[in-house]
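J.:
2 protein chains.
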Amino acid sequence: LLVSFAVASCGGAETPPPAAPPGVCAPGPVASTPTPGSAAQAAALPPPSFPETDEGMWLFNGFPADRVQKRHGFAPDKAWLDHVRLSAVRLAGGCSGSVVSPNGLVMTNHHCAEACIQQLSTPKKDFMAQGFSARSEADEVKCPEIELNQLTDMTDVTERISAATKGLSGAAFHQAMRAEKNKIEKECATGDTVRCDVVDLYHGGLYHLYKYRRFQDVRLVFAPEFPIAFFGGDPDNFNFPRYDLDMSFLRIYENGKPLHPDHYLKWSKDGAKEGDLTFVAGHPGRTDRQLTIAQLENERDFGVPWSISTLAQSRGEVTEFSARGKEQRRVGRGRLFGIENGLKVMKGRLEALVDKDFFGQKVAEERDLRARVDANPELKAQVGGAWDAIAAAQKEKRNLTKPYALLEGGRRGAGAFDSALFAHARTLVRAAAEKDKPNDKRLPEYGEAKLPAVKMRALSTAPVYEDLEIVTLGASLVRLREELGPDHPIVKKVLGKDEPRELAARLVKGSKLADLKTRKALFEGGKATVDASKDPMIVLAKLIDDDARAVRTAYEDKVEAVETAAGELIAKARFAVYGTSVYPDATFTLRLSFGKVAGWEEAGQPVAPFTTMGGAFERHTGKEPFALPASWLAAKDKLDPKAPFDFVTTNDIIGGNSGSPMVDKNGEVVGLVFDGNIHSLGGDYGYEPKNNRTVSVHSSAIVTALDKVYGQSRLVSELKR
Amino acid sequence: LLVSFAVASCGGAETPPPAAPPGVCAPGPVASTPTPGSAAQAAALPPPSFPETDEGMWLFNGFPADRVQKRHGFAPDKAWLDHVRLSAVRLAGGCSGSVVSPNGLVMTNHHCAEACIQQLSTPKKDFMAQGFSARSEADEVKCPEIELNQLTDMTDVTERISAATKGLSGAAFHQAMRAEKNKIEKECATGDTVRCDVVDLYHGGLYHLYKYRRFQDVRLVFAPEFPIAFFGGDPDNFNFPRYDLDMSFLRIYENGKPLHPDHYLKWSKDGAKEGDLTFVAGHPGRTDRQLTIAQLENERDFGVPWSISTLAQSRGEVTEFSARGKEQRRVGRGRLFGIENGLKVMKGRLEALVDKDFFGQKVAEERDLRARVDANPELKAQVGGAWDAIAAAQKEKRNLTKPYALLEGGRRGAGAFDSALFAHARTLVRAAAEKDKPNDKRLPEYGEAKLPAVKMRALSTAPVYEDLEIVTLGASLVRLREELGPDHPIVKKVLGKDEPRELAARLVKGSKLADLKTRKALFEGGKATVDASKDPMIVLAKLIDDDARAVRTAYEDKVEAVETAAGELIAKARFAVYGTSVYPDATFTLRLSFGKVAGWEEAGQPVAPFTTMGGAFERHTGKEPFALPASWLAAKDKLDPKAPFDFVTTNDIIGGNSGSPMVDKNGEVVGLVFDGNIHSLGGDYGYEPKNNRTVSVHSSAIVTALDKVYGQSRLVSELKR
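Protein chains in written order, with our numbering: chain B, 31 to 751; chain S, 31 to 751.
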């Protein structure tokens, strides 16, 4: 599924830049002075040609309307684009969504609201298993950790960043960049309801200030049962044909009342049909399409294989933990889903990277760009060394990636302290330290403008599962020892003479951070209170904080700084050679993609673009993950077996696009994006036009299920209003 | 540790040929007519040069005594070689050992006897934890599954194989090869105490008949506690400095009495010193040094990554299973060790394969050989197409490897039926079917000459752990569905509408094959009895037998046949170009390597060649895997802290060499090989002379521990006799 894997690791706070290793929650990249590219003509080479496909995750303020007009006979105008943009929302945890009613109803995937559904559940009342259904506004319940953002403004701040960093390099450059970003964001973020991010596009070719309206009171309205939301489970994930009702509905509240937004998407009467033009407005988390070959080789040979082995092992642990009993199964489910989804993504990426044709194409593209740069003496003098600089930085990257991921990694993935309690401890320790610093000296994720998100995370009411904590923390401490070696000073400092799992149990059982009041006192007490705390998880977070910051700084200075500075030069060369009609790599910022409803061929056999309600009943075995819920079995006779269920389109999407609305040329909802097919998994590195497909729930399946299976007339009439 | 990973998968029956995917138990490769190479001189190229290093796992009947004389000033003569060879033994499960007393005492590693130690243990009496110590012959206990083989004769049968397969190709060729091998082996294996294998050397450049004396009554004499045998556990595995007493002693019995062998190794008075010349006589399981670049790429891009993800996941499962309680920990330990050891090996292999210098060297070697072939028109005409043929077969290999490994895989690794009970079921089903066929039509592992080993396996008294069976079988059934897809006919046939783990539980709990009497009745009853059996595991083995045989045949015909035929041609080219002074890839046949005691440099720091007894006490934390047993803590004052413990040498070894004796030029035991350092892990693909090291227990540490820690005066005097 298309949840943004890297973002989900970061407690919903930040999206890592493309340069960050998987699982690392890092600030935005540093960059040297960017210069807008002048269109220079490379001599002695044929003019570049672009394949006519549906490729691209386009900026709303850089959408190729002409190209779509030419290809599909329709060009969205500014009003259309503004309307769709303002109807789209971002889930800070790594998903997309859209406002779909005048009463602030939000549509997203079930798996995007899963953390909320899980957090509201108890051993006695399992909304994941039973579904959640509010019969009236009074039944709608606040989600502990969901924050929605609506993109209201975009401003180019490239010149400010350039001016602030001019003539600087290394640590001074980095500090100036950080200070200027924190400053710009703080000026913009006037009050708790505004979120401001300086985002880098084209690997630093441009810096834009994105201003969001921030909604922190988001309530759960409706969720179907997990078994139909994720019918087919991991075996069917990233596959098609598919029969998933991967939807949920939330509602935005302001001052205790439902929001009445200026913009919302209307519901299409019939939904998508074969051949229809479709648009996806959403937040793809990260692509690596503009990486150099040296960077891709590093991914292929080290980064991705390490992620695979780490995730595969975690999968085994959590699978076996879940097999202990019903309650373990309940608490482990969300985590297992994230691991299995990420593992499938990583395996797909490796498959793309070791594919000789695919990789050969990337090599050819780089060769073409470099040849055009070399053919232009001025450009060559400015940019020519960038590729070698990046290649040289890969060696440092190889040495630093593991320590960085281990010590700074988030809750999921490759971190050495894989525990929600530890994540709380780190937030409390760092918030206390950073809040005492002037804004321009802070770690970016603790800048003044980011504090509402920090507070929300620190004071979350989400439950902590002690048994699972011990398993994941124990395993990640073993990983720390394994990757750095038992004789490494940090390992000795952390483990002492302890056995990792025993230590994990002592830390988890000894910590009081599951208690909200304890966290509140620490958060509000500030540095003195945190320094005085004897809570073992706080003590651990303090113990390794200097080491963690040091390895982060080393990574930022020796890897990110080099990659970003050289990446800016390459971006500049790309502008100069190919013009600006290219899209930037995804960075969890709002994008629009276009495409059409179309099947494809698999091993010579056509795959039809639609599945049907009847197909779900044919696939039903009665055993997970192929067991339809009782509600569906009871409603079978009311459902038209030929009615559409899920469908595929050629849109270019990636993790983070989960929950995106799919709209037609009228801007009306025709589907709900939840997945890509197996051929989309190389999409991190490039778009494969022939077989890549986006998978969505059909709009009519959503309304039909609400109506016929769940008796949700309230929602049906709200959607069709 | 240097247990042969692939062989351990195969129930001790057979070693897979280099062409077989990891975890697959396959027969020997097929081959086209081999022709002894004539030494041709390649024109217009400088004569080939060989680096002067300690590289090589040499045949006893092809040992480069001159080279050793030149390099180390000593050349073993025929008597020396015969004596050492006849003192060496092979453990059919994938290890090496040696006879070290006139009363048939055998020295090997603790981890090579671990299955026996584990199988003799019960929840009440855990010999892994406590160690095992027979105070007299009467206390020595028979191991349920250990068979020892002593190599008594080697005969060249290349011409017989050639004659039998002449002019044939494809399936006919394959069948003729299999028939001739079964025939040769049957003629040779006169009685239950003789084992005969036709082995291929140089990828089919030569076929030799290896005749072994077979010992099936092998008794456990002594084993230290696991915590000192494997001190440092997985974190220290394949690392050095090291402090492991990885030893055990067995005794060969014949007719109920200890064997009095003609040959046994004497014990060195002082053991190895820095700079000493050392020889290792053992059974390296498999190397891939003569694979083509296309084959290595396939390993790098598909084979090894798949093994890593499979093993990593199993590691997570068994780790978490073991955390359930003390008894689960006991029964899971051996399995976890095998998985972690294999995982480390695979990660090391990947590291070597993605190393640009290392892989570049392999590419350069192939280029050199091909250039020399191309420079010789006659050779080019015969051999030139071999590399392309192998490259073309890699595509089939990619499609067939997973089905083959899933359906024919052994108990460990990537099989889809990862269960000791299923392994019994398959043995019973196939033995019944094969025994009714004429010898020359049988699967090779059921040929007449192999039946004693089949019977030993079928009637093993090793315990079956029901809970662990359910975990591993359930996980492997999930793997079957995942790799082939839920809609694959074989998956549907196996799973029906079942959930994999539920099915696994029903199969394991429903099967009676843990009971020896039940197995005996089925084994002796033959095909009619097996056909009539309703035991669910037998029913499953019958259900998928045709599919499994079909995929095996497809793999043999489309991959192995091509690789072997072309491999023979390349072997011939190598003989022609470089002469016969090269060693064949390892195939779990007896080899002799030479080297010397020497440390190396790690990150600019020298690593001393010896560790000391005192070092073990310094590393002791009291927590696993760094907890010395009580016996050692009690004996601390009796041990000289400066006395040697483990040490390293330059010998070229690999998995399967575990338990090999290390001898000096007098043929006396100076050490016991148990591991390689981290730089040895690329040894599958090539020898790295600068940093590759073999790790052994020092002979004096063995005697000192027996004497001072364990009070084993009986063994000490036997060894020093």
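Note that CB positions come from ideal geometry on N, CA and C, so glycine has one too.
Please read all numbers here as calculations on a predicted model, not as lab measurements.
Taking the alpha-carbon of B:A462 as reference, which of B:A453, B:Y476, B:S449 has the nearest alpha-carbon?
T.: Checked all of B:A453, B:Y476, B:S449; the closest Cα to B:A462 is B:Y476.
J.: So, at 7 Å on beta carbons, what are the nonlocal neighbours of B:V119 in its own chain, with the 5 sequence-adjacent residues on each side left out?
T.: Same-chain partners within the cutoff: G127, S128, V129, V136, L178, N179, Q180.
J.: Is it true that the CB of S:P674 sits closer than 7 Å to the CB of S:G644?
T.: No, they are not a contact pair.
J.: DSSP on B:Y608, reduced to helix/strand/coil?
T.: If DSSP states are grouped into helix, strand and coil, B:Y608 belongs with the helices.
J.: Is the CB of S:P265 under 7 Å away from at least one CB in chain B?
T.: Yes, because at least one Cβ of chain B sits closer than 7 Å to the Cβ of S:P265.
J.: Output, in chain order, the set of chain S residues within a Cβ distance shorter than 9 Å of B:V384.
T.: Within 9 Å Cβ-Cβ: E327, R330, D331, F332, P335.
J.: Report all residues from its chain with a CB closer than 6 Å to the CB of B:Y608; omit the five preceding and five following residues, and keep chain order.
T.: Within the same chain, B:Y608 has close Cβ partners P78.
J.: Closest to S:R509 by C-alpha separation, out of S:S344, S:L481, S:T594, S:G368, would be which residue?
T.: Checking every option, the nearest Cα to that of S:R509 belongs to S:S344.
J.: Give me the Cα-Cα distance between B:R531 and B:I500, rounded to the nearest whole angstrom.
T.: Approximately 7 Å, taken between the alpha carbons.
J.: Is S:L32 close to chain B, meaning its C-beta is less than 7 Å from at least one C-beta of that chain?
T.: Answer no: the Cβ-Cβ gap between S:L32 and chain B never drops below 7 Å.
J.: Ends of the beta strand (DSSP E) at B:F245?
T.: Segment 236-245, the beta strand (DSSP E) holding B:F245.
J.: Return the chain-ordered list of same chain residues with a C-beta closer than 8 Å to the C-beta of S:R330, the five sequence neighbours on each side being excluded.
T.: Closer than 8 Å at the Cβ level, and outside the excluded window around S:R330, lie L380, L383, V384, F389.
J.: Taking a Cβ distance cut-off of 7 Å, strictly less, list which residues of the region 340-352 of chain S are near chain B, in chain order.
T.: Under the 7 Å Cβ criterion, the region 340-352 of chain S contributes A342, Q343, S344, R345, G346, E347, T349, E350, F351.
J.: Name the one or two DSSP bridge partners that B:V678 has.
T.: Answer is B:V725.
J.: Any C-beta of chain S sitting closer than 7 Å to the C-beta of B:E654?
T.: With 7 Å as the cut-off, B:E654 counts as an interface residue toward chain S.
J.: Which bits of chain S does B:T651 rub up against, with CB to CB less than 9 Å?
T.: The answer, in chain order, is L525, G526, K527, D528, E529.
J.: Leaving out the 5 sequence neighbours to the left and right, which residues in its chain are closer than 6 Å to S:A324 when beta-carbon positions are compared?
T.: These residues qualify, in order along the chain: I420, A421, Q424.
J.: With a cut-off of 8 Å, do at least 3 Cβ pairs link the region 440-459 of chain B to the region 542-562 of chain B?
T.: Output reads yes: the region 542-562 of chain B touches the region 440-459 of chain B.
J.: Am I right that B:S243 and B:L280 are in contact with their C-beta atoms under 8 Å? What's the rounded C-beta distance?
T.: According to the sequence as given, residue 243 of chain B is Arg; it is not Ser. 15 Å between Cβ atoms; not a contact.
J.: Rounded to whole angstroms, what's the CA-CA distance from B:G346 to S:G346? Just pull it up for me.
T.: If I take the Cα positions, the gap works out to 4 Å.
J.: Going along chain A in order, which residues have a C-beta closer than 8 Å to the C-beta of B:E512?
T.: In the structure shown, chain A does not exist; the protein chains are B and S.
J.: Going along the chain, which residues of the region 697-711 of chain B sit with their C-beta nearer than 9 Å to a C-beta in chain S?
T.: Answer set for the region 697-711 of chain B: empty.
J.: Which word fits B:G13, buried or exposed, when buried means at least 16 other C-beta atoms lie within 10 angstroms of its C-beta?
T.: Nothing about residue 13 of chain B can be reported from this structure: the residues present for chain B run from 31 to 751 only.
J.: Taking C-alpha atoms, which residue in B:S339, B:R536, B:P407, B:L537 lies nearest to B:A444?
T.: Checked all of B:S339, B:R536, B:P407, B:L537; the closest Cα to B:A444 is B:S339.
J.: So, helix, strand or coil for B:L669, using DSSP?
T.: Here B:L669 sits in coil by DSSP.
J.: Please determine, among B:T317, B:L236, B:M207, B:N139, the residue with the shortest C-alpha to C-alpha distance to B:N91.
T.: The candidate whose alpha carbon is nearest that of B:N91 is B:L236.
J.: Name the chain S residues that come within less than 9 Å of B:V501, Cβ to Cβ?
T.: Under the 9 Å cutoff, chain S gives E350, A353.
J.: Under 7 Å, do S:L307 and S:F640 count as touching if we go by C-beta distance?
T.: Not a contact, by the Cβ cut-off of 7 Å.
J.: Going by DSSP, which residues form a beta bridge with B:P632?
T.: It should be pointed out that residue 632 of chain B corresponds to Glu in this sequence rather than to Pro. Looking at the DSSP assignment, B:E632 forms a beta bridge with B:Q635.
J.: Hey, is the region 686-702 of chain B in contact with the region 296-315 of chain B, meaning 3+ C-beta pairs nearer than 8 Å?
T.: The region 686-702 of chain B vs the region 296-315 of chain B: in contact.
J.: Given this structure, state the Cα-to-Cα distance separating S:S166 from S:L745, to the nearest angstrom.
T.: Computed Cα separation, rounded: 10 Å.
J.: State buried or exposed for S:L663, treating a residue as buried only when at least 16 other CB atoms are found within 10 Å of its CB.
T.: It counts as exposed.
J.: Taking only beta-carbon positions, decide if B:I338 is within less than 7 Å of chain S.
T.: Cβ-Cβ to chain S under 7 Å: yes for B:I338.
J.: Hey, would you say S:V403 sits closer than 7 Å to S:K410, going by beta carbons?
T.: In this structure, S:K410 lies closer than 7 Å to S:V403 by Cβ.
J.: Does the beta-carbon of S:H290 have 16 or more other beta-carbons within 10 angstroms, so that it is buried, or is it exposed?
T.: So S:H290 ends up on the exposed side.
J.: Please check if any C-beta of chain S sits within less than 7 Å of the C-beta of B:P516.
T.: True, the Cβ-Cβ gap to chain S drops below 7 Å.
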